[in-house]
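The structure under discussion appears below in the form of structure tokens.
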Amino acid sequence: MQIKVFQVNPDRDPGRIKFMDSEFIEKSIGLNNLSLKYYDLAFSGSVSCSNLEGVYSYFNRGFIDSFTGHSVSVSDIVQIISGDADEAPGYYLCDAIGWKRLSLKQED
0 MQIKVFQVNP
10 DRDPGRIKFM
20 DSEFIEKSIG
30 LNNLSLKYYD
40 LAFSGSVSCS
50 NLEGVYSYFN
60 RGFIDSFTGH
70 SVSVSDIVQI
80 ISGDADEAPG
90 YYLCDAIGWK
100 RLSLKQED
């Protein structure tokens, strides 16, 4: 599947949300206020995964040449662009347990 992985840039972190779950983000800045402007693109490309749990495992197994971030963690956002995925295309927040679908505006 074709994906992008976004990770919070600490210099643009509005409410100290890096590595925090959706509950904390909701209390800090509100999930509706979450924006990719707080994030850096850490990966863009194709992975041989069929779901978000597979993506999580893939980026936590070891070094991936074109991946510029840390292992996929809570507060990271994965955008599913296309491919054979169990989840629909869109943005997903890595939460403390599982994934939370986000409604991010396209201009983010």
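0 is the number of the first residue of the sequence shown in numbering that gives the first Met the number 0; add one for each residue after it. Glycine included, C-beta positions come from ideal geometry on N, C-alpha and C. Since this is a predicted model, take the numbers as computed values, not measurements.
**Request:** Please classify S21: is it buried, with 16 or more other beta-carbons within 10 angstroms of its beta-carbon, or exposed?
**Result:** Locating residue 21 in the sequence shown gives position 22, where the first residue counts as 1. By the 10 Å Cβ count, S21 comes out buried.
**Inter-residue Cα distance where the pair is W127 and S65** = Because the chain spans 0 through 107 in this model, residue 127 falls outside it and cannot be assessed.
**Prompt:** Who pairs with S45 in a beta bridge, going by DSSP?
**Reply:** To locate residue 45, count along the sequence shown from 1; it is residue 46. Q1.
**Message:** If contacts are defined as beta-carbon pairs under 8 Å, then N59 and Y37 qualify, I think. What distance do you get, rounded to the angstrom?
**Reply:** To locate residue 59, count along the sequence shown from 1; it is residue 60. To locate residue 37, count along the sequence shown from 1; it is residue 38. In fact, because the Cβ distance is near 22 Å, the residues do not count as touching under 8 Å.
**Prompt:** Contact check, C93 vs Y55 under 8 Å by CB: the rounded distance?
**Reply:** Mapped onto the sequence shown, residue 93 falls at position 94. Mapped onto the sequence shown, residue 55 falls at position 56. Indeed they touch by this definition, with Cβ atoms about 7 Å apart.
**Prompt:** Grouping DSSP H, G and I as helix and E and B as strand, with all else coil, what is G89?
**Reply:** Locating residue 89 in the sequence shown gives position 90, where the first residue counts as 1. Strand, per DSSP.
**Asked** From what residue to what residue does the alpha helix (DSSP H) around S27 run?
**Response** The residue you call residue 27 lines up with position 28 of the sequence shown. S21 to S27 is the extent of the alpha helix (DSSP H) around S27.
**Request:** Return the first residue and the last residue of the alpha helix (DSSP H) that V129 is part of.
**Result:** The chain is shown from 0 up to 107; residue 129 falls before or after that span and cannot be answered.
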